[in-house]
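> Following our numbering, the numbering of the sequence shown begins with 14 at its first residue and continues without gaps.
Handing you a structure now.
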Amino acid sequence: MNEKAFFSLSYGLFVLTAKLGDTDNGCIINTAIQTTVTPNTITMAVNKDNYTAELIQKSGKFNLSVLSEDADFSVFQRFGFQSGRNCKKFDGFAHTARAKNGILYITKVANAYFSCTVKETIDLGTHLLFVSVVDDCEVLGDGRSMTYAYYFANVKPKPQQQTHTGKVWVCKICGYTYDESATGTKFEDLPPDWVCPICKHPKSDFEPA
Ligand code: FE
Numbered sequence: 014m015n016e017k018a019f020f021s022l023s024y025g026l027f028v029l030t031a032k033l034g035d036t037d038n039g040c041i042i043n044t045a046i047q048t049t050v051t052p053n054t055i056t057m058a059v060n061k062d063n064y065t066a067e068l069i070q071k072s073g074k075f076n077l078s079v080l081s082e083d084a085d086f087s088v089f090q091r092f093g094f095q096s097g098r099n100c101k102k103f104d105g106f107a108h109t110a111r112a113k114n115g116i117l118y119i120t121k122v123a124n125a126y127f128s129c130t131v132k133e134t135i136d137l138g139t140h141l142l143f144v145s146v147v148d149d150c151e152v153l154g155d156g157r158s159m160t161y162a163y164y165f166a167n168v169k170p171k172p173q174q175q176t177h178t179g180k181v182w183v184c185k186i187c188g189y190t191y192d193e194s195a196t197g198t199k200f201e202d203l204p205p206d207w208v209c210p211i212c213k214h215p216k217s218d219f220e221p222a
């Protein structure tokens with residue numbers, strides 16, 4: 014079995030947003046697909062550790078914004094490289110509006126969004142699979158949709174562009190960087206079961222920057 018086969022699958026990239034009470038949150042996902050047309054349904058898997066997954070479980074609703082190629086790395090850092098449990102992800106971010114369902118969606122760096130209601134949730138262990146009906150959707154622009162391949166080729170910073178003084182390791186899966194000078198712990202000294210804080214892949218998926 015060659016798990017590199019998984020790298021041949023193609024994906025889009027999305028900002029998934031949800032709201033519970035006065036709390037707005039959002040995260041990056043790459044797992045959304047249209048599943049059926051009658052009715053229009055979208056299926057996506059979301060890591061249970063994501064605060065957004067918890068908000069969707071409790072509220073039963075979400076918006077899915079389709080990122081376009083003009084989304085820069087800061088969008089991924091904002092929504093993908095930190096947790097809404099300890100920061101407000103929308104602070105200082107101008108490109109949002111509120112849909113009819115009251116949930117934020119992404120403007121300008123997204124070309125469409127969908128407002129959905131969860132019909133079925135399947136527990137997959139690490140992830141929740143949400144099967145959802147589309148209540149509303151709009152086109153926001155004519156920019157091309159961001160794919161995972163485009164992100165890797167054009168958006169994710171190249172290791173040589175980084176200016177860290179310590180030794181830096183990069184997650185080959187999501188681009189997260191582990192900086193030994195910032196943490197004070199050598200990458201080799203991290204426990205064997207340490208995983209990428211963003212995509213949860215193991216140490217073996219990191220390479221020196
Ligand atoms: Fe990662």
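By construction, the Cβ of each residue, glycine as well, lies at the ideal position given by its N, Cα and C atoms.
Taking 7 Å as the cut-off, is the CB of C40 close to at least one heavy atom of the ligand FE?
The answer is no for C40.
> Let me know the secondary structure DSSP gives G197 once reduced to three states.
Three-state result, G197: coil.
> Enumerate, from N- to C-terminal direction, the unbroken beta strand (DSSP E) stretches of 3 or more residues contained entirely within the segment 114-184.
Here the runs fully enclosed are 117-119, 123-136, 140-152, 181-184.
> Find out if the Cβ-Cβ distance for the pair V28, S78 is shorter than 8 Å.
Contact flag set, yes.
> Go ahead and pull the three-state DSSP assignment for G97.
Coil, per DSSP.
> Could you check if Y189 belongs to the surroundings of the ligand FE, using beta carbon to heavy atom distance under 7 Å?
Yes - the ligand FE has a heavy atom lying nearer than 7 Å to the Cβ of Y189.
> Based on the DSSP output, what are the partners of E220 in its beta bridges?
DSSP, once it has assigned bridges, lists V183 as partnering E220.
> Give the range of the beta strand (DSSP E) segment to which L80 is assigned.
74-80 is the span of the beta strand (DSSP E), which, as asked, contains L80.
> Does F219 pass the burial test, meaning 16 or more other C-beta atoms within 10 Å, or should it be called exposed?
Flag for F219 reads buried.
> Is any heavy atom in the ligand FE found nearer than 7 Å to the beta carbon of I186?
Indeed, a heavy atom of the ligand FE lies less than 7 Å from the Cβ.
> List the endpoints of the continuous beta strand (DSSP E) containing A237.
Since the first and last residues shown for the chain are 14 and 222, residue 237 lies out of range.
> Does the beta-carbon of V50 have 16 or more other beta-carbons within 10 angstroms, so that it is buried, or is it exposed?
It counts as exposed.
> With distance defined between alpha-carbon atoms, name the residue in K17, S158, W182 nearest to T43.
It should be pointed out that residue 43 corresponds to Asn in this sequence rather than to Thr. Measuring from the Cα of N43, the nearest candidate turns out to be S158.
> Is H214 near the ligand FE, with its Cβ less than 7 Å from a heavy atom?
Yes.
> For the structure I just gave you, are there three or more beta carbon pairs, one from the segment 132-150 and one from the segment 86-104, closer than 8 Å?
Segments in contact, no.
> Under three-state DSSP, which class holds K32?
The answer is strand: DSSP assigns K32 an E or B state.
> Distance check for A107 and C209, CA to CA, integer angstroms please.
Using only the alpha carbons, I get a separation of about 29 Å.
> Beta-carbon within less than 7 Å of F94's beta-carbon, same chain only, minus the 5 sequence neighbours each way: which residues are those?
Around F94: Y189, I211.
> Suppose you measure from the CA of V59 to the CA of W182; what does that come to, to the nearest Å?
Roughly 25 Å between the two C-alpha positions.
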